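One structure is given here, and the rest of the page talks about it.
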Amino acid sequence: MTGIRATDVAVIGAGPAGLAAAVAAVDKGANVLLLERDARPGGILQQCVHNGFGLHYFGEELTGPEYAARFAGEAARRADRVSFLPDTMALSLDSDRTITAVSPREGPLTIKPGAVVLAMGCRERARGALGIAGTRPAGVYTAGAAQRLVNLDGYLPGRRVVILGSGDIGLIMARRLTWEGAKVLMVCELMPYSSGLNRNIVQCLRDYDIPLYFNTTVSRVHGSERVEAVTVVKVDGKRQAIPGTERVVECDTLLLSVGLMPENELTRMAGIQLDPVTGGAVVDERRQTSLPGVFACGNVLQVHDLVDHVSREAEIAGRYAAGYAKAGTLPMPKLSVSAEGFTRYVVPQRISAEPEGMVDLYFRVGDAVKPARLTVRTADGKTILTRRKKAMTPGEMEHVKVDVSKLTGDVVVVTEAVGNV
Amino acid sequence: MSDSITMGGGKREFICIVCPVGCPLKAEGDGDAVKVTGNACPRGAVYGRQEYLRPMRVVTSNAAVQGGDRPLVSVKTSGEIEKARIPDALARIRGLIVSAPVEIGQILIDDLAGAPLVATAAVGKV
Amino acid sequence: MDRPDIFDCAIIGGGVTGCAAARLLSKYGLSLALVEAAEDVSMGASRANSGIVHAGYDAAPGSAMARLNARGNAMFDQWCGELGVPLVRCGSLALAFDETDQRSLEELYESGLANGVPGMELVSGGEARALEPLVNPDVIQALWAPTAGITSPYQLTIGCWENARANGLATFFDTRVASVERGDGHFILNADSGSSVRARYVVNAAGLYADEVARLFGDQSFSIKPRKGEYILLDKDGSAPKRVLFQAPSVMGKGVLVSPTADGNAFAGPTALDQTDKSDTSTTGEGAAELRRLALRSAPGLNLRAAITAFSGLRAVGSTGDFIIRASGIEPRLIHAAGIASPGLTSAPAIAEEIVNILANQGLRLKAKPDWNPIREPIERFAGMTRERQAEVIASDPRWGHVVCRCETVTEGEIVEAIRRGARSLDGVKRRVRAGMGRCQGGFCAPRVMETLARERGVSMDSITKFGGGSRMLVGPIRESVGGRAVEGEARA
């Protein structure tokens, strides 16, 4: 039970990122160990029973479990090269890429891979990170925990629900709970806009007359045993509560959909450089981190809006991880990529490409910009490309292709607001 | 469900869901002749017309499983159904009990408010 | 364990005071009962306090607090050793920023000498920063007390309780004493639930409610006021201080401190707000702001962005300004252990001794049991095991290889063991094995812990509570068949 396992590529996490990375690595000739802490592959997609996944990747709308099943099927077809380890928790990652893990079946494991793909995903921000005052009764859930309870376990967490945060998970849960007989009283959004898709605002809230209040937050939880009410308050432009605007809303449940954070404990253990803005590793366009032979993709690298992008990113990571496992080396980054203006961050943060080929830069803006001008330039002032966009919002991940041969220096991705035309 | 009943005429407003811009659409019509304004592109007009005449939605939920390695199987209507018929569809899903094993794509109800209800995940037998 | 009709002694209140007394009394050939209003032990002040083992210089010389703090501190190594409870003698620094502060440090030093506190030193600001690099550069002097330490208040309470239980203690949970009758040479403690416990002697360790319990016996000699203390708990990110940092004291208490916890986190707290409501443990925006300001005054480099939760506890402040540990003037066989505010945790082992002595003086016959076992094995932590031990426990029970709480690396094996030892709710599991105590605060593991609780206790998942009573986590199944319920429906093969 205390064996040492060798493999070309170890992939940590069998959600959409890990599955796509594993398949891509096999297709580049690698043997893969795929570690998953749950009993089944698919990650959080298993509980996302709603549709809207896969339009970009498959050209059709799938539900979360269907999207996951496609990739799990691809991995299963490569079962001779992918060894799937369910119920397996990776406990540590060393700077020499040694992984320790544990599972009920295998006991403690040591894995010595040629390359590692980090695909651990993200977790939800909890109440403590928001500092909501008041009591600590039962009935305060993150939206994802509530989603799991309803869709996988089959239990309703509450009957009268206030949702804080209008990201897509919060919106989807508003409809899901309504469909199961709960009354969703309102969705409160701290910002003056929603980070969720219009489609979800229409089909999850408007269809059911659920009000969405912007510039509004929950400041206090009431109730000694179970939530009995929450205090809802308006906020000013600095997102500070406006005294006198408080109102107490009777409810038995508060759902929090207030952001996701990449789960980078292992990354930190290995001493890999992290980007303070994304919360994920600093990577080059091959998704190689600052530790050679360790790659990152999916929500552990940056919180994505669409799973389709996760799959594409993971394929890049998987492919190059296989290449690294074979060759033992990859070119190191030459250029850095930075954000300016409304651009909040850019992934990859480094470019190491040979002078040929195109690189996709993914980024998000920090505020809604309507309309916007996007410029990619080099640090020495040479403009590579400009684009005009009708609207850019923090909820959507933007993406631009640049020709590496034109890059004469470090790259800057600038987003500016342009006056209404 | 404020606008679940399709009315013959009058003016109504929607947010366009076709792209992130989210144009505020106004639709007005009489019978099949619908005039959509506020859209910035042709796709918005198509959406506005459909939403005005006969709003359609996909329903996704979970059905109870008997003898499975999981208590529920995720399900969807394999196409859009009329929004007005969602409550009936949900009631039937609530009353459904499926015997394990369940295959992904398996048809669970042939006609649920106009579309088949299919399993979107597999559930093994215990 | 036989439950006699009449117990020799009943302890009202399963906080650290009551459980420590129970542990010490379980040494003797007595029938013992613990009567607790909540669903678990350690549900009042012992659940939410600083967890500091105080050196003992704060209390006025000659007070019960001074005497029992010094004695309690000296007993901690043995108690924690026997009970498998963490204790780190990290030492404390009380910080002076100006001459007024310096004078109060000198007074503390003098009190400390009078109270018999060993090893104290008045050190310079530079020496303080050498002991703890996080100390504010503006600090000009500090009182260093090397015997101060940190422990886990609920682990200690649970440890005492488990040890007492193993030595014969009977426990009545969800039993709030609502009235008292006199029987023939005994008291009848009637619970609001309708049950009753009979005992010849009663120890009143009811915390915030000790005055109300005393009144049930006709004793109105003291009152208890709640003093709220809010806390902010910080993530384990390596930035925790190594020492307990106090500021020069205020009238309301020992002031806001910054400290490591026995589990490797850091915290700032407590505030001190006198209130009348004995159940209001809400946190406030003002409290959080005050904590942040004062914590950064002690340790400007403290990473408050790493806050993972805020909570508050209520200290039971007695009307005498000191611990009230004595036989009742009305009923000689009722022993009060009341007004156990800070340094109540540090004093707990010594308070337990005092209670035993008073009971003996009041005529309770104490005959040492030859088979008393002072050892309580803690729940083994998977994360702390050697690899060989991990392999061994997983081989004998695979659930020890199933990590349920990612943040704190807690396995299903540990959770099952916590439930076996008495955890009945999510918080009960959390206090015993830390599942849900980490940075995601149970967002991921709570549904899994609920499943385990339901399975191990043979109850439905929707009956699981956060902390007993009406704190149910779920309202019910979404489909009638969920949870193994057999039903009829639109069947489809």
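Order-wise, the sequence lines are chains A, B and C. Numbered according to the numbering used here, the first sequence spans residues 1 to 421. Numbered according to the numbering used here, the second sequence spans residues 1001 to 1126. Numbered according to the numbering used here, the third sequence spans residues 2001 to 2493. Glycine is no exception: its CB is placed at the ideal position from the N, C-alpha and C atoms. Note that this is a predicted model, so its numbers are computed, not measured.
query, result
"Just list the residues that DSSP pairs Ile2012 (chain C) with in beta bridges.", "C:Val2035, C:Asn2204"
"First and last residue of the beta strand (DSSP E) that includes Arg2227 (chain C)?", "2224-2234"
"Less than 8 Å between C-beta atoms, sequence neighbours within five positions excluded: which residues of the same chain meet that for Ala2307 (chain C)?", "Ile2232, Leu2233, Leu2234, Asp2235"
"Closer than 9 Å by beta-carbon distance: list the chain B residues that pair up with Val2494 (chain C), in chain order.", "Since the first residue shown for chain C is 2001 and the last is 2493, residue 2494 (chain C) is missing from the structure and cannot be characterised."
"Suppose you measure from the CA of Val303 (chain A) to the CA of Ala17 (chain A); what does that come to, to the nearest Å?", "12 Å"
"Using Cβ-Cβ distances below 7 Å, what residues of the segment 153-166 of chain A are close to chain C?", "Asp153, Gly154, Tyr155, Leu156, Pro157, Gly158, Arg159"
"Could you spell out where the beta strand (DSSP E) holding Gly2149 (chain C) opens and where it closes?", "2149-2151"
"Per DSSP, what kind of secondary structure is Gly107 (chain A) in: helix, strand or coil?", "strand"
"Please confirm whether Arg2479 (chain C) has its beta-carbon closer than 8 Å to some beta-carbon of chain B.", "yes"
"If you count every other CB in all the chains shown that lies within 10 Å of the CB of Lys1011 (chain B), and 16 or more means buried, which is it?", "exposed"
"Measure how close the beta-carbons of Val414 (chain A) and Gly341 (chain A) come, nearest whole angstrom, since I'm counting them as under 8 Å.", "5 Å"
"Could you check what DSSP says for Thr2281 (chain C) in three-state terms: helix, strand or coil?", "coil"
"Indicate, with yes or no, if the ligand ATP has a heavy atom lying under 7 Å from the CB of Pro1055 (chain B).", "Because no ligand of any kind appears in the structure shown, any question about the ligand ATP cannot be addressed here."
"Inspect the beta-carbon positions of Ser2328 (chain C) and Phe2217 (chain C) and report whether they are closer than 8 Å.", "yes"
"So with Cβ pairs under 8 Å, would you call Ile1109 (chain B) a contact of chain A?", "no"
"Any beta carbon of chain B sitting closer than 8 Å to that of Pro65 (chain A)?", "yes"
"Could you tell me which chain A residues have their CB closer than 7 Å to the CB of Ile2379 (chain C), listed as they occur along the chain?", "Those do not exist, as Ile2379 (chain C) stays about 17 Å from chain A at its closest Cβ, beyond 7 Å."
"Is Leu85 (chain A) helix, strand or coil by DSSP?", "strand"
"Decide if Ile242 (chain A) is buried, meaning its Cβ has at least 16 other Cβ atoms within 10 Å, or exposed.", "exposed"
"Cutting at 8 Å between CB atoms, please list the residues of its own chain near Asn2115 (chain C), excluding the five before and the five after it.", "Gly2056, Tyr2057, Ala2059, Pro2061, Ala2066, Arg2067, Asn2069, Ala2070"
"Let me check one thing: in DSSP terms, what residues is Lys183 (chain A) bridge-paired to?", "A:Arg160"
"Quick one: Cα of Asp80 (chain A) to Cα of Ala321 (chain A), how far?", "18 Å"
"Taking 8 Å as the threshold (beta carbon to beta carbon), is Ala6 (chain A) in contact with chain C?", "no"
"Can you tell me whether Glu263 (chain A) is buried or exposed, with buried defined as 16 or more other CB within 10 angstroms of its CB?", "buried"
"Name the residue from A:His222, A:Ala417, A:Val282, A:Arg199 whose alpha carbon lies nearest to the alpha carbon of Pro1055 (chain B).", "A:Arg199"
"Looking only at its chain, what residues have a beta carbon closer than 6 Å to the beta carbon of Ala1045 (chain B), apart from the 5 residues adjacent to it on each side?", "Val1036, Asn1039"
"Does Arg1012 (chain B) have its Cβ less than 8 Å from a Cβ in chain A?", "no"
"Helix, strand or coil, according to DSSP, for Ala76 (chain A) in the structure here?", "helix"
"Any beta carbon from chain C within less than 8 Å of Arg1054 (chain B)'s own beta carbon?", "no"
"Below 8 Å between beta carbons: does that hold for Val150 (chain A) and Leu255 (chain A)?", "no"
"Tell me, to the nearest whole angstrom, how far the beta carbon of Glu228 (chain A) is from that of Gly2469 (chain C); I am working on the premise that it is less than 8 Å.", "About 13 Å separates the two Cβ atoms, so there is no contact after all."
"Distance cutoff 8 Å, beta carbons only. Does Ser103 (chain A) sit that close to anything in chain C?", "yes"
"Below 6 Å CB to CB, which residues in the same chain sit around Ala75 (chain A) once its five sequence neighbours on both sides are set aside?", "Leu19, Ala22, Val23, Val82"
"With DSSP as the reference, label Tyr362 (chain A) as helix, strand or coil.", "strand"
"Specify, as a first and last residue, the run of the beta strand (DSSP E) that Asn51 (chain A) falls within.", "51-53"
"Could you name the residues of the same chain whose beta carbon sits closer than 8 Å to that of Pro1020 (chain B), not counting the 5 residues immediately before and after it, in chain order?", "none"
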